[in-house]
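Enquirer:
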Amino acid sequence: MALTSTVTSTPIEAIASSFLAVFLAEIGDRTFFIIAVMAMKNSRSAVFLGNQVTESVIAIIAAFIGAAAVKLIDPLYIQIASCVMFLVYAILSFYEAYHGEGDSDSEKKDPLLEESGAGEQANDQLLTESPQRMSWMKVFWKTAIMVFLAEWGDKSNTTIISLSALSDPILVAIGAIIGFAAIGLIGVLVGKLIEKYISEKTVKIAAGVLFLIFAGFALLMIFYDYEL
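Everything in the sequence shown is counted per my numbering, starting at 3 for the first residue and increasing by one.
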């Protein structure tokens, strides 16, 4: 049984239409720049997966719940949260650019472990594995949160909602997820290319400026939409 009452396209057309709509809507959008900036000096797999998981969930919600999804969370709260989070990330980026990330303590060896050869081996293992796993997860969640705040109620989601009214939501969701994956991959590759020509400090400053712009944009949208 179809999940929509009126299916006006073939499966290939539904997937292709959704893919192209999402791809064209997202290329050069806020999310694209977030991915590129995050991928410059961080784990690219974490950035890609953080983006893809979030975008996939949003695509499925938009395709199956449609306009009702927006009613589950007041857009005003989403915009306020976006403004605050982007502002926080901007401040953190500027702080890290001028003061470092403050991970020097984690790079120091435990003097108690240095007393034995086994202790040194265990300490070296912690230095090479644990920080990497924690860093990967930190990048994953940071990317996921920023993408969620940037994407909720975006034009790509409106497009998905509209397409799901004309075609099978499953096919629309599949096309959208593929489109988001393509955008994520391109964003990560762009970040990798730019990284070769930009220092880490410059990347963090650029990220801070970018997040400030996004925070300002979110604030303007709050006043524009709600006339506070």
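Yeah, the Cβ is synthetic: ideal placement off N, Cα and C, and Gly gets one too.
Taking the CB atoms as reference points, tell me whether Q81 and I224 lie closer together than 8 Å.
Expert: A contact, by the Cβ cut-off of 8 Å.
Enquirer: Counting C-beta neighbours from all protein chains within 10 Å, is the total for V199 16 or more, i.e. buried, or is it exposed?
Expert: It should be pointed out that residue 199 corresponds to Tyr in this sequence rather than to Val. Residue burial is scored here from C-beta neighbours: Y199 has fewer than 16 other C-beta atoms within 10 angstroms and is therefore classed as exposed.
Enquirer: Is the number of C-beta pairs between the stretch 30-39 and the stretch 196-211 that are closer than 8 Å three or more?
Expert: yes
Enquirer: Can you look up T204 in the DSSP assignment and give me helix, strand or coil?
Expert: helix
Enquirer: Short check: CB of I162 to CB of E28, under 8 Å?
Expert: No. Outside cutoff.
Enquirer: Leaving out five residues before and five after L51 in sequence, what residues of the same chain have Cβ atoms less than 7 Å from its Cβ?
Expert: F142
Enquirer: Exposed or buried, which one is L78 when buried takes at least 16 other CB atoms within 10 Å?
Expert: Of the residues assessed, L78 falls on the exposed side of the cut-off, its CB having fewer than 16 other CB atoms within 10 angstroms.
Enquirer: Short of 8 Å in beta carbon distance, which residues of its chain neighbour A18, apart from the five on each side in sequence? Order them along the chain.
Expert: G177
Enquirer: Does the distance from the C-beta atom of A16 to that of L191 stay below 8 Å?
Expert: no
Enquirer: Kindly provide the ranges of any alpha helix (DSSP H) runs that are 4 or more residues long and lie completely inside the stretch 24-85, ordered along the chain.
Expert: 32-43, 46-66 and 70-74
Enquirer: Going by DSSP in three states, K2 sits in which element: helix, strand or coil?
Expert: Absent from the model: residue 2. The displayed extent of the chain is 3 to 230, so no value can be given.
Enquirer: Where A146 and A220 are concerned, what is the direct C-alpha to C-alpha distance, given to the nearest angstrom?
Expert: 18 Å
Enquirer: Rounded to whole angstroms, what's the CA-CA distance from F182 to V24? Just pull it up for me.
Expert: Answer to the nearest angstrom: the Cα atoms are 7 Å apart.
Enquirer: Just verifying my parser: in three-state terms, what is the DSSP assignment at A167?
Expert: DSSP places A167 in coil when its eight states are reduced to three.
Enquirer: Using only alpha-carbon positions, find the residue among L195, F213, G218 and L222 that is nearest to K43.
Expert: L195
Enquirer: Suppose you measure from the CA of I93 to the CA of A217; what does that come to, to the nearest Å?
Expert: 11 Å
Enquirer: Residues in the same chain with beta-carbon distance under 7 Å from A61, minus the five sequence neighbours each way, listed in chain order, please.
Expert: I162, A175, A178, I179 and F182
Enquirer: With a 10 Å radius around its C-beta and 16 neighbouring C-beta atoms as the bar for buried, classify V90 as buried or exposed.
Expert: exposed
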